[in-house]
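One structure below.
2 protein chains.
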Amino acid sequence: MTSTAADPLPSWNDGPVKQGILAFVAKVAKEGSPDFLPPAERIAVYDNDGTLWPENPMPFQAAFAFDELNRHIVNEPKLASDPMVQAALACDLSKLLEGEHFDGLMRVLALTHAGMTTDEFRDAVEAWFKSARHPRYGRPYDELTYQPMQELLRYLQANGFKNFIVSGGGADFMRVWVERVYGIPPERVVGSTARTTFELRDSGPVLTKTLDYLFVNDKAGKPVGIHQFIGRRPTICCGNSDGDYAMLQYTTINNPRPSFGLIVHHTDGEREFAYDAETKSTGRLVEALKEAPKRGWLVVDMKRDWNTVFLSESK
Amino acid sequence: MTSTAADPLPSWNDGPVKQGILAFVAKVAKEGSPDFLPPAERIAVYDNDGTLWPENPMPFQAAFAFDELNRHIVNEPKLASDPMVQAALACDLSKLLEGEHFDGLMRVLALTHAGMTTDEFRDAVEAWFKSARHPRYGRPYDELTYQPMQELLRYLQANGFKNFIVSGGGADFMRVWVERVYGIPPERVVGSTARTTFELRDSGPVLTKTLDYLFVNDKAGKPVGIHQFIGRRPTICCGNSDGDYAMLQYTTINNPRPSFGLIVHHTDGEREFAYDAETKSTGRLVEALKEAPKRGWLVVDMKRDWNTVFLSESK
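Chains as they are written, first to last, in our numbering: chain C, 13 to 327; chain E, 13 to 327.
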């Protein structure tokens, strides 16, 4: 294990993945190198759920939605007759995840993510992060980011990369806390979105969340979202599931620039969760893992490559 | 006229507008000031057509579209039977601008902005900027940005503001040249968009432009676009027409942060164009101008306030 003061990635054990990261950055950040990347092209995209923090036992935003449903149902008892609400309250994720785009999950998110102003939604998200605790770790959800990935974010930023979250999660949900938690400003978040409506009320301008023009930033939607929001092809892509397969391809295949793909493989059931083809949450990983050797994508073996998973763990 | 080496806005004549800009920046950028703006909140949004460059005799992107139509029609003669194509080839802007959202113009843009890959579209835009000349000035379109606004962009950036274009123009169109022309990176462009489709071809990953989910970033769409792409309320907003009215309101009304609105009023028919309520192009300005005094929005009198309009003009 390399862990000196000068090591930018102290939570990473020495090995091919850590060496691969360091070697890539060394070759692209060095002026005069044949692989030099102009700073403008240093665009790094990261999936969030399962890549920067866990997505078990369910995506954190789903936990927020279920808690919100429980809070709303007191005032709107008729919600309880919705089969998807029933599935949510029973934490029956498999029912919610049926269909190509997790339609049930989207239905529930919709019930808890629309019909309020953007300020009201932000306040609800902030309140939830203050009060909710992860069922396994008993800690606030936003303390559960992966320390090695936090180090990677900072290391790449220090080397001139712009970090962007590119997640299936809601952009409005993430933008409440990404700056505080990852040091990434809200405008560098590409997520699932729906359109708001603008009106000028007596109290001032108001944006109200709707479900119109829902854009699900997952699978083939990720390169689409990257183009729509960033407008430039990334040169680094980090993901953990087949939801990230398309953006790994978009980043690395026939890219005229040097490029880099990384997959976080969840192999550590003791400290975190172990899954790939079979998962009870989101995060199924089959196709991208199979293609990784051919494409040169580095696969993080969480158990082997990370000496720390969460901050405040004893090292 | 103030024009010393230390003057950050030498193309601006001394007067209430220039003093208003300098005073606002001085109060918000000074640590310890009661009006201090944390750097994260220094978000400045700018309309493009009519604010950073002319929108006469027609928006530059419309000129691009018409030139492209002429280029395409050789291979697709049936296009000529489309009444909107006929209007375009006759440069009948008033017909194209009928309807709440300029439906005719959008139809023509659609014919010239969809059905090709994003790379092909980028190449077409680049080629056009190299070859096309503005009918009045005889210069490449991208040399016709307003020098005073270029100075404002640089001055605000030097004071920690992030500059974002928020334009009714197409995001894909603008992102080709914004970095070169304004020093604004592609991801800081909020524009009209439609969804692309992603596929992996033998040649590599490809995004194809479609017309689906068209989002027109104009009028009430501008605050909506700002929320969707930036995710944070701006504190500076510069526009020139009623298309910018909603984002001026969104930026300045009941904003808990210090905020600043500016309207470029086209009063200089000699050096540029003179219009407000009556215009043959886009850029109608009535409501926002009427509300400016009440809201404290500064109104640039182009003839009075700018000693230079375009770069390379003799001073």
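Cβ atoms here follow ideal geometry from the backbone N, Cα and C, with glycine treated the same way.
Contact with chain E by residue i, beta-carbon distance below 9 Å
{"i": "C:Q261", "result": "yes"}
{"i": "C:F322", "result": "no"}
{"i": "C:I248", "result": "no"}
{"i": "C:W309", "result": "no"}
{"i": "C:N266", "result": "yes"}
{"i": "C:R187", "result": "yes"}
{"i": "C:G255", "result": "no"}
{"i": "C:K306", "result": "no"}
{"i": "C:S215", "result": "yes"}
{"i": "C:L212", "result": "yes"}
{"i": "C:D184", "result": "yes"}
{"i": "C:T130", "result": "yes"}
{"i": "C:Y225", "result": "yes"}
CB contact flag (residue i, residue j, <9 Å)
{"i": "E:R244", "j": "C:P197", "result": "yes"}
{"i": "E:D184", "j": "E:R134", "result": "yes"}
{"i": "C:Y158", "j": "C:W318", "result": "yes"}
{"i": "C:T279", "j": "C:K315", "result": "yes"}
{"i": "C:E110", "j": "C:V188", "result": "no"}
{"i": "E:P246", "j": "E:F176", "result": "yes"}
{"i": "E:N252", "j": "E:S179", "result": "no"}
{"i": "E:I242", "j": "E:L168", "result": "no"}
{"i": "C:T220", "j": "C:T130", "result": "yes"}
{"i": "C:G216", "j": "E:N266", "result": "yes"}
{"i": "E:A304", "j": "E:R296", "result": "no"}
{"i": "C:F210", "j": "E:V298", "result": "no"}
{"i": "C:N321", "j": "C:P152", "result": "Checking the sequence shown, residue 321 of chain C turns out to be Val, not Asn. Result no, Cβ atoms of C:V321 and C:P152 do not sit closer than 9 Å."}
{"i": "E:A99", "j": "E:L91", "result": "no"}
{"i": "C:L64", "j": "C:N82", "result": "no"}
Contact with chain C by residue i, beta-carbon distance below 9 Å
{"i": "E:H239", "result": "yes"}
{"i": "E:T208", "result": "yes"}
{"i": "E:T205", "result": "yes"}
{"i": "E:A300", "result": "no"}
{"i": "E:L274", "result": "no"}
{"i": "E:I242", "result": "yes"}
{"i": "E:Y194", "result": "no"}
{"i": "E:V201", "result": "yes"}
{"i": "E:D357", "result": "Past the edges of chain E, shown from 13 to 327, lies residue 357 of chain E, and the structure says nothing about it."}
{"i": "E:V236", "result": "yes"}
{"i": "E:P89", "result": "no"}
{"i": "E:P197", "result": "yes"}
{"i": "E:A232", "result": "yes"}
{"i": "E:L219", "result": "yes"}
For residue j and residue i, the rounded distance between their alpha carbons
{"i": "E:V311", "j": "E:H277", "result": "6 Å"}
{"i": "C:G127", "j": "C:E112", "result": "25 Å"}
{"i": "E:V193", "j": "E:N171", "result": "20 Å"}
{"i": "E:D26", "j": "E:M259", "result": "27 Å"}
{"i": "C:L121", "j": "C:A74", "result": "7 Å"}
{"i": "C:S204", "j": "C:F227", "result": "5 Å"}
{"i": "C:S293", "j": "C:G233", "result": "20 Å"}
{"i": "E:R145", "j": "C:A38", "result": "44 Å"}
{"i": "E:V57", "j": "C:E284", "result": "43 Å"}
{"i": "E:H84", "j": "C:D115", "result": "41 Å"}
{"i": "C:P69", "j": "C:R200", "result": "27 Å"}
{"i": "C:M13", "j": "C:L34", "result": "Because C:M13 sits at a pLDDT of 43, beneath the cut-off of 50, its placement in the model cannot be relied upon, and the point is left open."}
{"i": "E:E155", "j": "C:A18", "result": "47 Å"}
{"i": "E:G195", "j": "C:P20", "result": "31 Å"}
{"i": "E:A286", "j": "C:R207", "result": "36 Å"}
{"i": "C:L49", "j": "C:K174", "result": "13 Å"}
{"i": "C:L164", "j": "C:L323", "result": "14 Å"}
{"i": "E:E43", "j": "C:Q162", "result": "29 Å"}
{"i": "E:T222", "j": "C:G32", "result": "38 Å"}
Per DSSP, the bridge partner or partners of residue i
{"i": "C:L310", "result": "C:L274"}
{"i": "E:Y194", "result": "DSSP lists no partner for E:Y194."}
{"i": "E:T129", "result": "E:T220"}
{"i": "E:V201", "result": "E:I177"}
{"i": "E:M209", "result": "Note on identity: in this sequence residue 209 of chain E is Thr, with Met being the wrong assignment. In the DSSP output, where bridge partners are listed per residue, E:T209 has E:T220."}
{"i": "E:W318", "result": "E:W24"}
{"i": "E:C249", "result": "E:V57 and E:G273"}
{"i": "E:Y225", "result": "Paired residue(s): none; E:Y225 is not in a bridge."}
{"i": "E:A75", "result": "Answer is none; E:A75 lacks a bridge partner."}
{"i": "E:A258", "result": "E:A258 pairs with nothing; no bridge assigned."}
{"i": "E:T279", "result": "E:A286"}
Residue nearest to residue i in terms of C-alpha spacing, selected from the options
{"i": "C:V218", "options": "E:E211, E:H239 and E:K107", "result": "E:H239"}
{"i": "C:S143", "options": "C:A92, C:L165 and C:F76", "result": "C:F76"}
Chain B contact residues for residue i, given Cβ-Cβ distances below 7 Å
{"i": "E:P270", "result": "As a matter of chain content, chain B is missing from the structure shown, whose protein chains are C and E."}
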